[in-house]
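Heads up, the thing below is written out as structure tokens.
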Amino acid sequence: MAMPQNSTRENGFCFTQPLDFSCPSPAPGEAGRPLGAVSGRDGCSTPLSNGIASSGAPSPSDSCAQPLCAPGPAEEETPFEEGIKYVSAEGEELACGWGGFTPGCLQLCNTSKGVLFFLCVASFLQGMTVNGFINTVITSIERRFDLRSYQSGLIASSYDIAACVCLTFVSYFGGNGHKPRWLGWGVLVMGLGSLLFALPHFTTGQYEARSAAEVGVCGGNQSLPCSRAASSLSGYRFVFMLGQFLHGMGATPLYTLGVTYLDENVKTNYSPVYIAVFYTAAILGPAAGYLVGGMFLNIYTETGREIDIAPENALWVGAWWIGFLGAGAASLLISIPILGYPQRLPGSQRYIVMRVSEAHQLKDGSHRKASDPDFGKTVKDLPRSVLLLLKNPTFIFLCLAGATEATLIAGMSTFGPKFLESQFSLSASEAATFFGYLVVPAGGGGTFLGGFLVNKLKLRCSGIIKLCLLCTVSSLVAIFIFFFHCPNMPMAGVTQMYDGSALPGGHLNLTAACNAQCGCLQETYSPVCGTDDIMYYSPCHAGCRRVSENLRNGKKVYHECSCVDKALLPDSGTAEAGKCSSSCAKKPLLLCFMFVVILFTFLSSIPALTATLRCVSDRQRSFALGIQWIVVRTLGGIPGPIAFGSMIDKSCLLWQDQCGEQGSCYIYQNSAMSRYTLVAGLVYKVLGTTFFIVACLLYKPPPPESAPGSSDASENGTSDLQEHKPSLPAGEDK
């Protein structure tokens, strides 16, 4: 079959000569078949919705019509046949490549699944770097470069600040431009940010861990001077902030333009599944970041040098920089194929034409302004675009609902491990592991399941919002589990007196007759568990005078502890390093319902995103996602941890004493922590439920007589297509 040359434009495609569509053994009576018929799978013809004539030869467009889980016949054929050149309505070439270099082997990836693969890799790297490595190594960076907590907080916030600054610009101009190029350059910038983040390791001198005398036992306490000159290394925080800023800039196109590029190049029914797979990869990234980053932290930062301290030592600094080098190099590599994709995939035009508009209808009809093919291509249209979105109540309330959910997700991801650590008396690493077991299946599974349900149930915009409402109500009911809590493990001088009696007026009293001669310092917090199942602030506060060279269950053992009750046991008067283990009977119940809360919270994420894409016009989808991300970050992602942190801090029993200044919290009161977590969760879940209800009530779908056109406008400028479903056979419309 020969492809005709472009000359005139008709329905988005160009023809100068009649096309010959031959069917094997045509049945009698089919000679008068119209030109707008297309050869079906059985060799017969079926009409296309826009009247475009097409042959039965395989094309890359067929792959866009196939679900992810069910490979179709198109996968067994060559996407680009010899002598065929696919062009768009404007005459642009739709081949995959860089400039004039478009080898045939690359066209195997010029499908929606190929795009999905590379975008999943990019989102995985972004999640692993920003939400995994950064959170894992921040303590090591503070120690290595003498940073304070608020300085490391500024480093973490630089990512969100960059995203908020760039979102409007990127989503507006990128949404009307060449999306793969914006995506590719964004991933490249993200890779440069990772390499820049690792740079300080190579520009500073070697880290020298000064071995200190043994501290912690009775009579052996030493403390470093409180007044310490500011280190010149702290200036490197600006390099880290710049690296994070580049991370934020590079990731901005990924979750706005990447989502809309997927949505535009697959059938409407499959779009939620593709987006769900994309976001699932982004959720699995942090899990890999925690795992891989933790492994690197067990390697000394000056690789190849022998050191006489262990990773458990407070002076240890792990190889925090290795992960950023690997992620940066991988991002640079993955940006190359993304840059090679065309502005739209072959065959995607018919999905734009077939798409049924579900955009919210404004009373004054101003939503029709977005139907203009030239709308949004200049800066002067930016205020009008913002105004159109602000006049869309469904979009506004979906943004507000997303902000409340983002607040919960950000708060729980930040303080979830701390909640488990306090309730179940776990170490920080054990709590992080438990929380990972909850988040990976619940968060990743919920994200994918949400997209699958939208696809399986074939929900329209109104039904999708109702599904989000159902998920939010379910998690609202499950959040009442925080009525329950595990009791605090008894701690001498903090939750009770050394003799077991209640603390007078709830005031701390870490000094008793058994440790009065030890000269214990409150700056040295290193909890131990005595054989009497009572925790002590430190070995010194337990009155321990000697530490054993032999470990018990991998933990240090302290002997001759005068404050530990000496029962008639072989090991009486001893204490082990670490907290006492909790035997809370409510542990399985709490973990189970926390899983449910996380599952249903993430279950609504992809449906809410899909509803956002459908309630606005096609030409505003990228820009709408950008505005939504700004709202979600400014109202949810950034203040979420602050709101949860301030609530949880109200339940603190024991604060760190940094030379007379209050530091972080050591011990929380479990009952108060559960109560405040319940209050914060209820407030945001009730707000989210309310916003989804209002969005559902105010949504006004297009009238039946004007629905299935190209979502206000197809790419060739045609708008207001007739209201009838394109008559494709059942085998084609899947």
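In the UniProt record's numbering, the protein residues as written are 1 to 734.
For each residue, glycine too, the CB sits at the ideal point set by N, CA and C.
Query	Result
Cβ neighbours of Q423 in the same chain (closer than 6 Å, five flanking residues each side left out)	C486, N670
Integer Cβ distance of G184 from S335, believed to fall under 8 Å	5 Å
CB of A680 within 8 Å of CB of A643, strictly	yes
Buried versus exposed call for E405 [16 or more other C-beta atoms within 10 Å across all chains shown]	buried
Nearest-angstrom Cα separation, counted from V292 out to L590	28 Å
Whole-angstrom distance between Y255 and W629, CA atom to CA atom	9 Å
Limits of the unbroken alpha helix (DSSP H) element including residue 735	Shown here, the chain extends from 1 to 734; a query on residue 735 therefore has no answer.
Three-way DSSP call (helix, strand, coil) for A513 in this model	coil
Cross-strand partners of residue 808 (DSSP beta bridge)	It is not possible to answer for residue 808, since the shown part of the chain is limited to 1 through 734.
Endpoints, the beta strand (DSSP E) within which H541 is located	Looking at the DSSP string, H541 is not in any beta strand (DSSP E), and its letter there is neither H nor E.
Residue 778 - containing alpha helix (DSSP H), residue span	Residue 778 lies beyond the residue range present for the chain, which begins at 1 and ends at 734; the question has no answer from this structure.
Alpha carbon of Y525 to alpha carbon of S583, nearest angstrom	24 Å
Inter-stretch contact (C-beta, 8 Å, three-pair minimum) for the region 248-264 and the region 123-130	yes
Residue range of the alpha helix (DSSP H) that includes E142	134-144
Residues of its chain near G340, where Cβ-Cβ distance is below 6 Å and the 5 sequence neighbours each way are ignored	C96, G97, W98
Environment of T280 [buried if 16+ CB atoms lie within 10 Å]	buried
Coarse secondary structure for V386, derived from DSSP in three states	helix
Selection from T472, S462, F452 that minimises the alpha carbon distance to A276	F452
Residue(s) in a DSSP beta bridge with I630	Bridge partners of I630: none, in fact.
Exposure of I155, with buried meaning 16 or more beta-carbon neighbours within 10 Å	buried
Backbone CA spacing between P103 and G436 [nearest angstrom]	43 Å
Close-in-space but distant-in-sequence residues of the same chain around L333 (CB under 7 Å, 5 per side omitted)	none
Sequence-distant residues of the same chain with beta carbon closer than 8 Å to T301, five excluded per side	S140, R144, H201, Y207, V317, G318, A319, W320, W321
Status (buried if at least 16 other CB within 10 Å, exposed otherwise) for G416	buried
P346 versus L108: straight-line alpha-carbon distance, rounded	12 Å
Inter-stretch contact at 8 Å, needing at least 3 Cβ pairs: the region 690-701 / the region 442-456	no
Exposure of S605, with buried meaning 16 or more beta-carbon neighbours within 10 Å	buried
Cβ-based burial, C592 [other Cβ within 10 Å; buried from 16]	exposed
Close-in-space but distant-in-sequence residues of the same chain around A401 (CB under 6 Å, 5 per side omitted)	G688, F691, F692
Close Cβ partners of A410 (< 7 Å) along its chain, the five nearest in sequence each way excluded	G636, G637, G640, P641
The region 535-547 touching the region 231-246, judged by at least three CB pairs closer than 8 Å	no
Beta carbon of G446 nearer than 8 Å to that of L599	yes
Coarse secondary structure for D657, derived from DSSP in three states	strand
Contiguous alpha helix (DSSP H) assignments of at least 4 residues, all confined to the region 377-463	382-390, 393-423, 428-439, 445-457
L613 and D263 closer than 8 Å at C-beta	yes
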